[in-house]
Amino acid sequence: MTDTDNLVLEIYRNVARIRAAELFLQTYIEEHGFGGFWHPGLGQEGLQAGAVQALRRSDYLFQAHRGLGYALSKGLSFERIFADLLGKTTGTVGGKGGGTVHFVDPALGILGQGGTLGSNFPLGVGAALSAQILGEDRVVAIFFGEGAAARGTLYEAALQAGVWKLPVVFVCENNGWAISAPFERHSPTKNVADRAAAFGFPGIVVDGQDAVAVHAAMSEAVERARGGQGPSLIEAMTLRLRGHYEGDRQRYRDDEGALDPVRSRDPVDVLRTRLDAEQYEPIDRAADEEVEAAFALALAAPDAGPEVAFKDVWAE
Amino acid sequence: MTDTDNLVLEIYRNVARIRAAELFLQTYIEEHGFGGFWHPGLGQEGLQAGAVQALRRSDYLFQAHRGLGYALSKGLSFERIFADLLGKTTGTVGGKGGGTVHFVDPALGILGQGGTLGSNFPLGVGAALSAQILGEDRVVAIFFGEGAAARGTLYEAALQAGVWKLPVVFVCENNGWAISAPFERHSPTKNVADRAAAFGFPGIVVDGQDAVAVHAAMSEAVERARGGQGPSLIEAMTLRLRGHYEGDRQRYRDDEGALDPVRSRDPVDVLRTRLDAEQYEPIDRAADEEVEAAFALALAAPDAGPEVAFKDVWAE
Amino acid sequence: MSTTVTEAQTEEMTYAQAINRALAEEMRRDDRVWMMGQDIGAMGGVFGVTRGLLEEFGERRVRDTAIVETFIVGGAAGAAMTGTIPVVELQFADFLFIAGDEVLNKLAKWRYMHGGQLELPAVVRAPMGLVGGVGAEHSQCPEAMLLNAPGLKIVLPATPADAKGLLKTAIRDRNPVIFLEHKGLYRVKGEVPVDEDFTVAFGQAAVRREGNDLTIIATAMMVGRSLEAAERLALDGIDVEVVDPRTLVPFDMETIATSVEKTSKVMVVHEAPKTGGAGGEIAARIQEELFFHLDGPVVRIAGADTPIPQHPVLEQLVIPSVEAIEQAARELNAL
Amino acid sequence: MSTTVTEAQTEEMTYAQAINRALAEEMRRDDRVWMMGQDIGAMGGVFGVTRGLLEEFGERRVRDTAIVETFIVGGAAGAAMTGTIPVVELQFADFLFIAGDEVLNKLAKWRYMHGGQLELPAVVRAPMGLVGGVGAEHSQCPEAMLLNAPGLKIVLPATPADAKGLLKTAIRDRNPVIFLEHKGLYRVKGEVPVDEDFTVAFGQAAVRREGNDLTIIATAMMVGRSLEAAERLALDGIDVEVVDPRTLVPFDMETIATSVEKTSKVMVVHEAPKTGGAGGEIAARIQEELFFHLDGPVVRIAGADTPIPQHPVLEQLVIPSVEAIEQAARELNAL
Ligand SMILES: Cc1ncc(C[n+]2csc(CCOP(=O)(O)OP(=O)(O)O)c2C)c(N)n1
Ligand SMILES: Cc1ncc(C[n+]2csc(CCOP(=O)(O)OP(=O)(O)O)c2C)c(N)n1
Ligand SMILES: [Mg+2]
Ligand SMILES: [Mg+2]
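Now the structure itself:
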């Protein structure tokens, strides 16, 4: 197999795993409910896996709220992810999960997700600055939706990152919707990437349904960052296929039946065109099995006890 | 006289008046000190007068902290300006002035200046929105320095103003310095105007030392705003000739002796080339006299009494 | 207690519907009133509070914004200064701090700073408190963090009727008002006066239950929990008075003094963390003004000094339960 | 009272110089420590506090930023999570609210939210308080508005020695610290230990003056005014104890209890407005824990419930004067 074949397979493996989990959770939540909000990433698996694939383990990730694809692709196990979702002590946040969880694993470079949209920007740029100060070879990827791209924190953090040429890649998942708000009615620019000019670094639009294309664009941006040439913004065009959160009835949505044919392509299908059935079928099966086994393990793990609520405010 | 001659004369009158006051205050502060900070606008009189000249009385002004040129050009009298500076009850804020004053006069459309830099942006865009909602024919001018242009509030307010095509003109006085920070070391873009692309509206760079050029650019932007075509950003290139505040020794400054020859032109001189000595000399004399008389009147006005400190928190 | 014009006719509705009703009535009454916020239009708000308002009042007056909290609040301030009455929504009260400068340095101060030449009749609606599994950054009760900024009126409606009546007063007030809706109360039902002139005045506490032994001062969701605790205590002959201040600024010290003079024992109950919470202000003021009427300290029952855990079960552990209120009341009563 | 290692050798210097010294020493001691803020480099800070540090430590560790407060604080949080110790400066403490989300929702909560997996050893230096004619948006004392956000340590140095010792502790602390320097104290001189191991521990109040009749708990610039009032009262035989908590979080209740048990009369003095100020928390806690030791209410002497007027003369009217403190102490003593 060529390197490219290997790469496609590796990306496909994560895309398939994310998809398996997305579908599993969809059913699980329908049957059991969910405390808080679960924001499904269905349809965005390709870009999540493709982009994160371009990072090293030592690179830092600030993920968005749309699903688990980021953390999984960065190396977090399903068992810990599910444990977080279920509020088990075996999750990454020691039982403080449950509801809209905030996966974190410093050893894997997974550094969290701002509950207040846009708070990732200064945090991520700060992490990049830290790497620069320490002379460490690390790149920071900050994921965000096109809705969050309106926050002034993007402007401030990106401006300073641009001036200091910090090793950051801003990854915008433009899925067309911010809850009920369609992008084209809420943006003064055609693309989020158009705004990168204001920060003095490149903004690149890429087909978000093509994981390999996303990986290529991301790799270039990561290279740039690693080489000291500063930040980039990558805007992956995708589409939110389900509600904002699982259970959202989307009565506000007016694009039903007229989904953009490019943006609504299934990223799994797009990748499969590069593979044979003998290649992806075992991966798909393994993914389903992995998800089920991991979920069972997570379910069996101990629930967080009341003491969890009262610790971790302070480092002693 | 032609219309242009008249216009030049009118602008010159304000430029000369601002200059007279700037010089007067410089001496006054040297001799008497000043509570708080006085931020001299010396060298920026041309752009301030030229830009404001393009507004109607019914238009709204949110001024910056650099001097008194904005308020004066919008119609505020010297007597009230000085009364504010001296903390007299005859000022616009009823004795709450003194120190770094915040002139305001709703009847003249003078709506204030954010002490926290960048807070003018949402306020000004909100005022424009208000005009749009009420169906009023008003344009809002928001003045700010190139330093304040880094605030995320510009991004958020300009983005929404761009989407809603609100009648706003963002007027950036790029005087090269934000306290000790030289623009070129703190901006990822060559010009602030380059960032307007991110907001989806035009950004225009203009010679800030040429009051007539500023007036022309501003008039076009005001026209655009009035016609419902939305905001513009005008960046007037100027230079801070004195310290950040009166008394600043500028030990940090490294451009001494190498001042940009275009940006450091005296706006008074530039305007005079369009006039005859017979035209401007009486204006200059009148300006000096006006300043002295007004200052004397302001000085004689009553000081704010202690009761001033405890009122105006609430509208009853 | 309330300056109700006609309470004769009422209708049962939820707290969310009562807010919706107030918005609709005030927008009909006064053309200058308008709204902006995220998802308030076609969606009717993430909590459904603004449903139907876009349809009735149109896009000019009901505006969906981008995710621009500094503009939502700062723009409201600018619009309020120029002749309109903005009633803006932040999706979660926790986002007040994103617009901290606009709330604390603009809305609160700009009238004073300008010698009364500017007025800022804006209302910021901000849903606060626990609602289940939304975590530390979406569950806070921020009232105490606004209380040290003179110039803001702070409203904490605890019932559907109050939600309607207080919001109408907020919209009619010439000062900036932070209107803190409790997310956990949105679905709670109650009788609400239908009269369009029904308002609830600011600075008038409501005695939610009369009692002689002990006074509980509670706000927002803690009013209901305190009433429940009071009912349990009544079974043991402990007669609790529950007072709901409704607004923290202005604050009705008179009603509280009357109650304290009667009972001589006081507890303050709120959901926000104890340290630095509004209970500190209330307790300090009561002991300052009524020290010699007190049989014992003013006791504070409040949230733990932790952020709110994400976990939908754990989150309840860090805010006062009915049992905790009951237990503390028993102890205070036994003094 | 302080965990001073060696106080033997001291040097007279200003509060600003003491802060400068702490910064320099800690940056020499620990390579991970670095700074950013506006004008802190070549200019040495608008109040001259960081003079010479760029020259000694270079541009990598002493960084001038653009006017990007959300990045200054949020970037500090991100950098603190990843192995460095940022000590950032906001030019005025009022700007904490520009970065309200970063302070209250990130620094304060992100360790807890992530089960202790992240640590945020950042220091935010923020100059607060009156300094003369800089107005409502540049003169606030914001401590109370941070106090209801568990997870932040809050430090209020009142003397040059404390400024140095507390800042060194702040930089060595593994938690986020909001370090509130009083602008009105920058030029005040005092003896400061020169030992590089000199630190002042958090949570240890300083008894600034011993006395038997009455306890004044005062912070920041009010410590000096309270001491001055105490000297005047001493002339009339009123023996005042002045306690400076130094840090509000953690809070040294023990030292205060010892004092209150001795004097039975307590006053709390601070510069921020009274309503919602930190005095409420302190007073509430004292009466809660020491009610039966008190001869009368815990009295709060604090700023007026107004913004700070711009006028350099008027501004003094809205914060406690020595006379006001003296007068209130006389009244309390006469109880
Ligand atoms: C500062 C802030 N404002 C609003 C919200 C509420 N909110 C949560 S998700 C969301 C929409 C986000 O849209 P986008 O960034 O496009 O991401 P997507 O959900 O489409 O993945 C909003 C408004 C928030 N969490 N934070
Ligand atoms: C949000 C905020 N940050 C910092 C300051 C302190 N400050 C006052 S003026 C100034 C420099 C402003 O530079 P610029 O915007 O270019 O205006 P100029 O002074 O050059 O006219 C700074 C940093 C402030 N007032 N507000
Ligand atoms: Mg989206
Ligand atoms: Mg400048």
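Protein chains in written order, with my numbering: chain A, 7 to 322; chain B, 7 to 322; chain C, 4 to 338; chain D, 4 to 338. Glycine included, every Cβ here is placed at the ideal spot set by N, Cα and C. Since the structure is predicted, the reported quantities are computational estimates derived from the model, not experimental observations.
With its beta carbon at least 8 Å from every one in chain A, B/H71 lies outside the interface. Relative to ligand 1, the beta carbon of A/I185 is positioned inside 7 Å of a heavy atom. Beyond the five residues adjoining it in sequence on each side, C/A102 comes within less than 8 Å, by CB distance, of E72, T73, I75, V76, G77 and L93 in the same chain, given in chain order.
For D/R211, the closest C-alpha among the options D/I259, D/V197 and D/L188 is that of D/I259.
Excluding its 5 nearest sequence neighbours in each direction, A/L165 has C-beta neighbours in its own chain below 6 Å: F205, listed in chain order. Within a 10 Å sphere around the beta-carbon of A/D90 sit 16 or more other beta-carbons, which makes this residue buried.
In the three-state reduction of the DSSP assignment, B/F207 falls in the coil class.
Under the Cβ criterion (8 Å, minimum of three pairs), the segment 52–66 of chain C counts as touching the segment 34–42 of chain C. A Cβ-Cβ distance of about 11 Å is found for the pair C/V272 and C/S324, leaving them out of contact under the 8 Å criterion. Counting every other CB atom within 10 Å of its CB across the protein chains shown gives A/R157 a total of 16 or more, marking it as buried. Contact residues of the segment 171–198 of chain A toward chain B are R191, H192, S193, P194 and T195 (C-beta to C-beta distance below 8 Å).
Under the DSSP assignment, D/K192 falls in the beta strand (DSSP E) whose first and last residues are K192 to P196. Taking the Cβ of B/H45 as the reference point, at least one heavy atom of ligand 2 falls within a distance shorter than 7 Å.
Taking 7 Å as the upper bound on Cβ-Cβ separation, chain B lies near residues D67, A69, I70, V71 and T73 of the segment 54–81 of chain D. Inclusion of B/A222 and B/L277 in the CB contact set at 8 Å is not warranted, their separation being larger than that value.
Residue contact check for C/Q143 against chain A: no CB pair falls below 8 Å. Residue burial is scored here from C-beta neighbours: A/S79 has at least 16 other C-beta atoms within 10 angstroms and is therefore classed as buried. The secondary-structure analysis by DSSP pairs D/H185 across a beta bridge with D/M131.
C/A307 has its alpha-carbon roughly 6 Å from the corresponding atom of C/I322. The beta carbon of D/L251 sits closer than 7 Å to the beta carbons of E146, L150, I157, L159 and A281 from its chain, once the five residues preceding and following it are set aside; these are given in chain order. Taking 8 Å as the threshold, the shortest C-beta distance from D/I101 to chain C falls below it. DSSP places D/V106 within a helical segment (H, G or I) once states are collapsed to three. DSSP places D/K156 in the strand class (E or B) of the three-state scheme. When distances are taken from the beta-carbon of B/G49 to the heavy atoms of ligand 4, even the shortest one reaches 7 Å or more. Taking a 10 Å sphere around the C-beta of C/M224, we find 16 or more other C-beta atoms and assign the residue as buried. Apart from the 5 residues on each side of it in sequence, C/A21 sits with its Cβ closer than 6 Å to the Cβ of P163, A166, K167 and V195 in its chain, given in chain order.
As for any beta strand (DSSP E) of minimum length 3 sitting wholly inside the segment 86–161 of chain B, the runs are 146–151, ordered along the chain. Distance check between B/V220 and each of B/E241, B/E287 and B/L82 places B/E241 closest, using alpha-carbon atoms only.
Residues L74, A77, L78 and F109 of the same chain have their beta carbon placed closer than 7 Å to that of A/I87, with the five preceding and five following residues left out of the count.
Counting of Cβ neighbours within 10 angstroms places A/V274 among the buried residues, the total reaching 16 or more. Counting only residues of its own chain and dropping the five nearest sequence neighbours on each side, D/D247 has a CB closer than 7 Å to the CB of A161, A208, A209, R211, A221, T222 and V226. For the options C/P300, C/G118 and C/M131, the alpha carbon positioned closest to that of C/M270 is the one of C/P300. Of the heavy atoms belonging to ligand 3, at least one sits nearer than 7 Å to the Cβ of A/E152. The beta-carbon distance between D/P253 and D/E184, rounded to whole angstroms, is 19 Å. This is too long to meet the 8 Å contact definition. For D/H185, no chain B residue has a Cβ inside 7 Å of its Cβ, as the nearest lies near 17 Å away. C-alpha of B/T244 to C-alpha of B/R271: approximately 8 Å in a straight line.
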